[in-house]
Ligand SMILES: Cc1ncc(COP(=O)(O)O)c(C=O)c1O
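Numbering (the working numbering), first residue to last: 535 to 905.
As structure tokens, this is what we get:
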């Protein structure tokens, strides 16, 4: 018998969330096309599930070549954006073969393009507007543009879209400075623009659209976490944003015991029962991707009732408080997060992290069941 743990992937929730963000973007003065961001195995949900759930997206954005190949093999025929572009020359063969659109963010990648002898490639040129991560900066921008223009003249590059990534999109004025810089660096160049992640799409859609409309540009957006039902905003929950959880991580109790007051529970006895209580053991641990640093009190659902975890998360098991949980014996259903359990954002917050990390960290040994 396999362990009872399972991650159920709800493709209707993926489609609902895509629809939801698209609805927000459509209502603006510059409706945007949507890349569904599916990197990190679709934030842990599986590339194949994403290909089904995001059938209405205009493209998929990811960064591992093998995930791009998997998406094509699963039947995705629309564009695929390679968010970090080629890592080495040999990658461009795969880019050409599978018709991928690489992001170009450094001069080394422009050299690779010059040496590539395949068909012309459409590219995204990434501009660093303050994230200080990937992209051209004022110091090397003109050199990059000169090389891009030469590649176009030589017929090695086709269409170009200019993109940036916001560092503080969840802040009220988080886009003001980056958009100003983007205009300074990219507005002399013809082409579409690709700007917003989830937070920018849900919080600043109008600002971005007005900005693009003023410059006469068509837009692409790149939402990720909101498509999986995680909130990108600190002050608004996923349900307030009408997002549905796309992953339900569930398991069962594999042991139940009565514990006397004063009894330590789990490794290090970091939790000691303050009264006599019933304690359940859940088949889920950090080797499944549940955060080891989740403290006592992290919400969890047992038998449809919300309760809390107790003590230290072990590799394969977590202890839970069954006080007040009706008739929870061995085999009782447990929801770690998702439908019928706590939102993944709440578990993440309790563990001092973000839903992105929890969803993408669910390990390979947890069976994914796509519904
Ligand atoms: C370049 C880029 N675009 C878009 C996204 C999607 O961001 P989010 O999941 O916050 O919507 C990411 C995620 O990290 C990213 O790195």
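Ideal placement from N, C-alpha and C gives every residue a C-beta, glycine not left out.
As the structure is a computational prediction, the values presented were derived from the model and not from experiment.
So does residue i have its beta carbon nearer than 8 Å to some heavy atom of ligand 1?
i	result
residue 756	yes
residue 617	yes
residue 759	yes
residue 575	no
residue 766	yes
residue 653	no
residue 553	no
residue 815	no
residue 848	no
residue 550	no
residue 640	no
residue 742	no
residue 595	yes
residue 699	yes
residue 776	no
residue 731	yes
residue 558	no
residue 878	no
residue 695	no
residue 571	yes
residue 890	yes
Based on the DSSP output, what are the partners of residue i in its beta bridges?
i	result
residue 542	782, 903
residue 660	697
residue 569	593
residue 815	789, 853
residue 805	799
residue 728	697, 754
residue 839	836
residue 844	853
residue 867	786
residue 691	655
residue 670	661
For residue i, is the beta carbon positioned less than 8 Å from some heavy atom of ligand 2?
i	result
residue 837	With respect to ligand 2, the structure offers nothing, as its ligand set consists of ligand 1.
Does residue i come within less than 9 Å of chain B when only Cβ atoms are used?
i	result
residue 633	Of the protein chains in this structure there is only one, and it is not chain B.
Does the structure place the stretch 792-800 close enough to the stretch 870-888 that three or more beta carbon pairs sit under 8 Å?
no
Kindly confirm or deny that the stretch 671-678 and the stretch 618-628 touch, where touching means at least three C-beta pairs closer than 8 Å.
no
Any contact between the stretch 885-901 and the stretch 821-829? By contact I mean 3 or more CB pairs, one from each, below 8 Å.
yes
Whole alpha helix (DSSP H) elements within the stretch 588-642, 4-residue minimum:
599-607, 625-631
Does the stretch 678-693 come close enough to the stretch 701-718 that 3 or more CB-CB pairs lie under 8 Å?
no
Stretch pair the stretch 579-589 + the stretch 599-610: three plus CB contacts closer than 8 Å:
yes
Quick one: any contact between the stretch 726-742 and the stretch 840-856, if contact means 3 or more CB pairs under 8 Å?
These segments do not touch.
Using a Cβ distance threshold of 8 Å, determine whether the stretch 866-878 contacts the stretch 757-774, with at least three qualifying pairs required.
yes
Three or more C-beta pairs under 8 Å: does that hold for the stretch 648-658 against the stretch 679-696?
The stretch 648-658 vs the stretch 679-696: in contact.
Check whether the stretch 803-818 touches the stretch 770-780, counting contact only when three or more Cβ pairs, one atom from each stretch, lie closer than 8 Å.
no
Is the number of C-beta pairs between the stretch 559-570 and the stretch 740-759 that are closer than 8 Å three or more?
yes
Does the stretch 738-755 come close enough to the stretch 800-817 to have 3 or more Cβ pairs within less than 8 Å?
no
Mind pulling the beta strand (DSSP E) runs of 3 or more residues that sit fully within the stretch 868-900?
Within the stretch 868-900, no complete beta strand (DSSP E) segment of 3 residues or longer occurs.
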